[in-house]
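Those letters in the sequence shown? Residues 10 to 181, per our numbering, in order. Just so it is clear, CB atoms sit at the ideal spot from N, CA and C, and this is done for glycine as well. Keep in mind it's a predicted model, so treat the numbers as computed, not measured. Worksheet: one structure, shown below.
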Amino acid sequence: MMPDRISIWPYVIDDVPRLFEAVIESKAQLSEWLPWCHPDYSIDDSRSWVESQIVAFKEGTEYAFLIVNGNNRLLGGCGLNYIDRPNLRANLGYWVRSSDARKGIATEAVRLLTAWVFSQKEFRRLEILACEGNQASQRVAERSGATSEGVLRNRINLRGRLHDAVIYSIVR
Numbered sequence: 010m011m012p013d014r015i016s017i018w019p020y021v022i023d024d025v026p027r028l029f030e031a032v033i034e035s036k037a038q039l040s041e042w043l044p045w046c047h048p049d050y051s052i053d054d055s056r057s058w059v060e061s062q063i064v065a066f067k068e069g070t071e072y073a074f075l076i077v078n079g080n081n082r083l084l085g086g087c088g089l090n091y092i093d094r095p096n097l098r099a100n101l102g103y104w105v106r107s108s109d110a111r112k113g114i115a116t117e118a119v120r121l122l123t124a125w126v127f128s129q130k131e132f133r134r135l136e137i138l139a140c141e142g143n144q145a146s147q148r149v150a151e152r153s154g155a156t157s158e159g160v161l162r163n164r165i166n167l168r169g170r171l172h173d174a175v176i177y178s179i180v181r
């Protein structure tokens, strides 16, 4: 099933309340795989993160986008971090709010982000890391056209527990 038309846009400070709402709605699902989503997540966490991402985007140290539908509803987020400029590589991540999961939104967002990156930036390689247990994230990587390159043992530390991770790549 294809999602309704979605777009990705860099965050602005006015996005804080709706980001907070989406995270709170999805906290149970997000906290299992994303270390930034914790039991005491607050609107101040959303505000601090958006403020830091506005600066990071301008400086080119990270590129965070919100995912919205045609009604401007915030569906989730995607972006690039762990930028390795000498090797023209970056990590690509994504999440979708619980009420909009399993609709192809993350897959389409990855495609939009990849198109933006390869048309606007110099990167040659994007990497997606998904914990072995995170089947939903792995499906998104595969459906977006990323290539599985193997399993990295003890690669992701979530709340003090090491997880093996599948690494995917998208190359220019």
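Check                                                                                             : Outcome
Ordered list of beta strand (DSSP E) runs contained in the region 22–84, each at least 3 residues : 72–78
CA-to-CA distance, D53 to Q147, given in whole angstroms                                          : 30 Å
Cβ separation of T116 and R152, assumed to be a contact under 8 Å, to the nearest whole Å         : 4 Å
Rounded separation between R181 and F74 - CA only                                                 : 20 Å
Sequence ranges, beta strand (DSSP E) only - wholly within the region 96–162, length at least 3   : 98–105, 134–140
Anticipated Cβ contact below 8 Å, I15 with A118, distance rounded                                 : 6 Å
Through-space distance from L121 to I17, alpha-carbon basis                                       : 7 Å
Beta-bridge partners of G216, as assigned by DSSP                                                 : The shown model of the chain, from 10 to 181, leaves out residue 216, and the question about it has no answer.
Rounded separation between E68 and C140 - CA only                                                 : 29 Å
Identified DSSP bridge partners for R170                                                          : L167
Contact under 8 Å by Cβ, S51 with S107                                                            : no
Where Y91 falls, given that 16 or more other Cβ within 10 Å makes a residue buried                : exposed
Of the residues G85, F132, R162, the one placed nearest K112, counting alpha carbons only         : G85
CA-to-CA distance, E60 to G142, given in whole angstroms                                          : 32 Å
In DSSP terms, what Y177 is bridged to                                                            : I137, S157
Selected residue, minimal CA-CA separation from Q129, among D109, L97, E136, E158                 : L97
Where W45 falls, given that 16 or more other Cβ within 10 Å makes a residue buried                : exposed
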